[in-house]
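A.B. asks:
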Amino acid sequence: MSEEVSKIEKKVTFEEIEKTMKRASISDIAETVEDPFCDERNPRIITFQDVCQAAFMIRGGVETTPCSRSHLSESCGMEIYLKKEFLQFTGSFKERGARNALLHLTPEQKKNGVVSASLGNHAQAIAYHGMKLNIPVTVVMPKEASIMKIQKCRNFKANVIVQGSDMAAAKKIAMELSRDKGMPYINGYDHPYIMAGQGTIGLEIVEQCEGADAVIVPVGGGGLIAGIATAIKTLSPNTKIIGVESNKCPSFSKALENGGPIYTKNHATLADGLAVPKVGVNAYATIVPLLDKMIVVKEEWIALAILRMVELEKCVVEGAGAAGLAAILAGHLDEYKGKKVVLLVCGGNIDTTAFGRCLERGMAAEGRLIRFSVTVSDRPGGISELCKLIYTYGVSIKDIYHERAFLKDVYSVEVKIVAETADWDTSQQLKKRLHEVYDHVVFNDVPMAIHKAEAL
Ligand SMILES: Cc1ncc(COP(=O)(O)O)c(C=O)c1O
Numbered sequence: 013m014s015e016e017v018s019k020i021e022k023k024v025t026f027e028e029i030e031k032t033m034k035r036a037s038i039s040d041i042a043e044t045v046e047d048p049f050c051d052e053r054n055p056r057i058i059t060f061q062d063v064c065q066a067a068f069m070i071r072g073g074v075e076t077t078p079c080s081r082s083h084l085s086e087s088c089g090m091e092i093y094l095k096k097e098f099l100q101f102t103g104s105f106k107e108r109g110a111r112n113a114l115l116h117l118t119p120e121q122k123k124n125g126v127v128s129a130s131l132g133n134h135a136q137a138i139a140y141h142g143m144k145l146n147i148p149v150t151v152v153m154p155k156e157a158s159i160m161k162i163q164k165c166r167n168f169k170a171n172v173i174v175q176g177s178d179m180a181a182a183k184k185i186a187m188e189l190s191r192d193k194g195m196p197y198i199n200g201y202d203h204p205y206i207m208a209g210q211g212t213i214g215l216e217i218v219e220q221c222e223g224a225d226a227v228i229v230p231v232g233g234g235g236l237i238a239g240i241a242t243a244i245k246t247l248s249p250n251t252k253i254i255g256v257e258s259n260k261c262p263s264f265s266k267a268l269e270n271g272g273p274i275y276t277k278n279h280a281t282l283a284d285g286l287a288v289p290k291v292g293v294n295a296y297a298t299i300v301p302l303l304d305k306m307i308v309v310k311e312e313w314i315a316l317a318i319l320r321m322v323e324l325e326k327c328v329v330e331g332a333g334a335a336g337l338a339a340i341l342a343g344h345l346d347e348y349k350g351k352k353v354v355l356l357v358c359g360g361n362i363d364t365t366a367f368g369r370c371l372e373r374g375m376a377a378e379g380r381l382i383r384f385s386v387t388v389s390d391r392p393g394g395i396s397e398l399c400k401l402i403y404t405y406g407v408s409i410k411d412i413y414h415e416r417a418f419l420k421d422v423y424s425v426e427v428k429i430v431a432e433t434a435d436w437d438t439s440q441q442l443k444k445r446l447h448e449v450y451d452h453v454v455f456n457d458v459p460m461a462i463h464k465a466e467a468l
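Per my numbering, residue 13 is the first one in the sequence shown, and the count goes up by one each step.
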């Protein structure tokens, strides 16, 4: 089949889609538009054979990514291997499932195109492979999706509709389009071909990292972990499968508590790729018998994990991609000390502003970015002496400002400082010295990294 990127003849035009959007406000859209591939009364459990078939279908169309030993092994006390799925062309593993699903369409469906809803990574993957395979793709992305991801989909020539406050709302819109335009809806985490495609990662892990004690997989809608577990538990039944999600979007843990997928309110999270309010019915039915442990990790650890990946691995990853490492740093996986653990580094699509914030948050969490105030004499040399003292500890001042108006003593000035230190010990030494020299010193922030036990 030719994979030349050519001009796509769109059977369903933008104008038609816009008409549909005008007719149906989000609240009008019937809850009952059903996805025949994701029926909660009849969940589909994928098989090892489905995964093998997917591997055959997508061979040559996606990257076989490396699974390399990590520099983090020593500091974490485990043999850590990183399965680097962020090295796929669109920056995430989602290409595997998307390509598999597109290749399974009938010739008629390939001409007419497909529709999907996604926060970004699945949208990019299906848009990119749609472009390569000459299949028209419409994606509905919720308003909370990152600007960078929306733009990338447009670059891949997809019909991009930014509508709906969250994934649930975007999905309703996409389902409506599917019904009205006769385009198959490709659920990004729950369609059986999607799960089977993601499962090909499991086949590669078993080959690249034989005898792994555990594989740690970030969980959103559940398709990734369901596919990977299906492959790994067949080929290496002793390898444990462990899921991780952020405490801001714990939909899978809530589903486990509930005994089935349930709508769970999501909050803004660094791991936006995991923010799926309700896990997939097929994914849930497939993974539950294969799952060994589920972890909910706090956001601060995700920020710290992003920072560690940059500093120690020279890898830029998004929050979802760092969730596995976050679980290790937080102490959730201490039982694997000395063992061989594979972390799925599943995505690298982090937008630049969010990335900067994550690095700063990570440093603050670790006690390397500190904020404090010191009241000093307002006579000449008062502030300069404070700065000199800070300098003797090799600490770099990032922000500084001073206030006089609210102090009782007119000959004093309160100096507020944000500073970067080499490590937590240096921060502690500086704090001790400041308390010795000055009467009024306030350090507000205690890094959570030293309260590892609290995370458990
Ligand atoms: C980078 C990344 N990691 C993990 C996931 C979770 O995958 P799933 O929704 O199949 O559980 C997603 C989902 O979009 C993702 O984008």
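Note that the Cβ used here is the ideal one computed from N, Cα and C, for glycine as well.
Could you pull out every residue in the same chain whose Cβ sits closer than 6 angstroms to the Cβ of residue 327, ignoring the five residues on either side in sequence?
C.D. replies: Only 321 meet the Cβ criterion.
A.B. asks: Are the CB atoms of residue 78 and residue 96 nearer to each other than 7 angstroms?
C.D. replies: Yes, Cβ-Cβ distance for residue 78 and residue 96 is below 7 angstroms.
A.B. asks: Should residue 50 be counted as a contact of ligand 1 given a C-beta to heavy atom distance under 6 angstroms?
C.D. replies: Incorrect: residue 50 has no Cβ contact closer than 6 angstroms to ligand 1.
A.B. asks: Can you tell which of 287, 394, 349, 325 has its C-alpha closest to the C-alpha of residue 224?
C.D. replies: That would be 349, whose Cα lies nearest to the Cα of residue 224.
A.B. asks: In whole angstroms, what separates the C-alpha of residue 243 from that of residue 86?
C.D. replies: Rounded to whole angstroms, residue 243 to residue 86 spans 29 angstroms at the Cα level.
A.B. asks: Would you list the residues sitting across from residue 411 in a DSSP beta bridge?
C.D. replies: DSSP lists 430 as partners of residue 411.
A.B. asks: Thinking C-beta only, is residue 447 closer than 7 angstroms to residue 454?
C.D. replies: In this structure, residue 447 does not lie closer than 7 angstroms to residue 454 by Cβ.
A.B. asks: Count the other CB atoms within 10 Å of the CB of residue 251; is the residue buried (16 or more) or exposed (fewer)?
C.D. replies: Per the 10 Å Cβ criterion, buried.
A.B. asks: Considering only the beta carbon of each residue, do residue 111 and residue 72 sit closer than 7 angstroms?
C.D. replies: Their beta carbons are not under 7 angstroms apart, which means residue 111 does not touch residue 72 by this criterion.
A.B. asks: Taking the alpha helix (DSSP H) that residue 230 belongs to, which residues open and close that run?
C.D. replies: Run containing residue 230: none in the alpha helix (DSSP H); it sits in the beta strand (DSSP E), 226-230.
A.B. asks: Which residue's Cα is closest to the Cα of residue 302: 160, 60, 53?
C.D. replies: Here the closest residue by C-alpha is 60.
A.B. asks: Rounding to the nearest angstrom, what Cα-Cα distance links residue 3 and residue 256 in this structure?
C.D. replies: Nothing can be reported for residue 3, as the shown portion of the chain is limited to 13 through 468.
A.B. asks: Round the Cβ separation of residue 381 and residue 430 to the nearest angstrom and send it over; I've been treating them as touching at under 8 angstroms.
C.D. replies: With a Cβ gap of about 7 angstroms, residue 381 and residue 430 count as contacting.
A.B. asks: Using 6 angstroms as the cut-off, classify the Cβ of residue 332 as near or not near the heavy atoms of ligand 1, replying yes or no.
C.D. replies: Yes; taking the cut-off as 6 angstroms, the Cβ of residue 332 has a heavy atom of ligand 1 nearer than that.
A.B. asks: Under a Cβ-count criterion, where at least 16 other Cβ atoms within 10 Å of its own Cβ denotes burial, should residue 456 be classed as buried or exposed?
C.D. replies: Residue 456 is exposed by the Cβ-count criterion.
A.B. asks: Unbroken beta strand (DSSP E) runs of length 3 or more, entirely within the region 226-300: which are they?
C.D. replies: Runs of the beta strand (DSSP E) inside the region 226-300: 226-230, 252-258.
A.B. asks: Would you mind sorting residue 58 into buried or exposed? The rule is 16 or more other CB atoms within 10 Å of its CB.
C.D. replies: Buried.
A.B. asks: Smallest Cα separation from residue 108: which of 444, 283, 66, 193?
C.D. replies: Looking at the Cα atoms, 66 is the closest of the given residues.
A.B. asks: Run the proximity test for residue 209: is its beta-carbon closer than 6 angstroms to any non-hydrogen atom belonging to ligand 3?
C.D. replies: Judged by which ligands are present, ligand 3 is missing from the structure shown, whose ligands are ligand 1.
A.B. asks: Would you identify the three-state DSSP class for residue 169, choosing helix, strand or coil?
C.D. replies: Correct three-state label for residue 169: coil.
A.B. asks: Taking just the CA atoms, how far does residue 300 sit from residue 140?
C.D. replies: The straight-line gap from Cα to Cα measures roughly 31 angstroms.
A.B. asks: Residue 258 and residue 226: beta carbons closer than 7 angstroms?
C.D. replies: Contact flag unset, no.
A.B. asks: Go ahead and label residue 469 buried or exposed: buried means 16 or more other beta carbons lie within 10 angstroms of its beta carbon, across all protein chains shown.
C.D. replies: Since the first residue of the chain shown is 13 and the last is 468, residue 469 is not available in this structure.
A.B. asks: Give the C-beta separation of residue 245 and residue 254 to the nearest angstrom, bearing in mind that I take them to be a contact with Cβ-Cβ under 8 angstroms.
C.D. replies: Their Cβ separation, rounded to whole angstroms, is 13 angstroms, which puts residue 245 and residue 254 out of contact at 8 angstroms.
A.B. asks: Run the CB neighbour count on residue 123, radius 10 Å, all protein chains shown included, and call it buried at 16 or more, exposed below.
C.D. replies: Under this definition residue 123 is an exposed residue.
A.B. asks: Could you have a look at residue 316 and say whether DSSP puts it in helix, strand or coil?
C.D. replies: DSSP places residue 316 in helix when its eight states are reduced to three.
A.B. asks: Closer than 6 angstroms to a non-hydrogen atom of ligand 1 - does that hold for the CB of residue 282?
C.D. replies: No, since every heavy atom of ligand 1 falls outside the 6 angstroms radius drawn around the Cβ of residue 282.
A.B. asks: For a test of your reading of the model: does the CB of residue 103 fall under 6 angstroms from any non-hydrogen atom of ligand 1? Yes or no.
C.D. replies: No - ligand 1 has no heavy atom lying nearer than 6 angstroms to the Cβ of residue 103.
A.B. asks: Spatial neighbours of residue 443 within its chain, please: CB distance less than 7 angstroms, with the 5 preceding and 5 following residues excluded, ordered by chain position.
C.D. replies: Excluding residues within five positions, the ones whose Cβ falls inside 7 angstroms are 455.
A.B. asks: Looking at the unbroken beta strand (DSSP E) that takes in residue 79, where does it start and where does it end?
C.D. replies: It spans 79-81 - the beta strand (DSSP E) in which residue 79 sits, taken as one unbroken run.
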